[in-house]
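Below: the structure, in structure tokens.
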Amino acid sequence: MTSAKNTLKPCPFCGNQPREDDLEDCIYPANRERTIWQAGCMASQGGCDAEVLAGSKQEAIDKWNTRVPRRFGIFNLSLPLL
Ligand SMILES: [Zn+2]
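Start counting the sequence shown at 2; every next residue gets the next number (my numbering).
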């Protein structure tokens, strides 16, 4: 298996690449019970401060990696005219 599953893709908003040697700064538990995990684009690393919340570390990584930039969102849907 590759290690790609544990790697964060570049931020979909600003393109900043999270540092692989410093992932613990980008993915961390958001509460003491470690039931909420946060993955983010660290402003301290030149990012835009975007973030996602999830129920586990792996889920936070998956959510971040499958997120679609907002500009590809609902505005590209062709809605039927009423
Ligand atoms: Zn960003």
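Ideal Cβ positions, reconstructed from N, Cα and C, are used throughout, including at glycine.
Check	Outcome
Inter-residue Cα distance where the pair is residue 14 and residue 41	11 Å
Backbone secondary structure at residue 37 - three-state DSSP	coil
Separation of residue 67 from residue 77, as counted between CA atoms	The pLDDT assigned to residue 77 is 46, lower than 50, so where the model puts this residue is not dependable, and the model offers no usable value.
Limits of the unbroken alpha helix (DSSP H) element including residue 60	58-67
Reduced DSSP category for residue 73 - H, G, I as helix; E, B as strand; rest coil	Confidence is the limiting factor: at residue 73 the pLDDT is only 49, short of 50, which leaves the residue's position unreliable, though a coordinate-based value still follows. Correct three-state label for residue 73: helix.
Counterpart residues of residue 52 in DSSP-defined beta bridges	41
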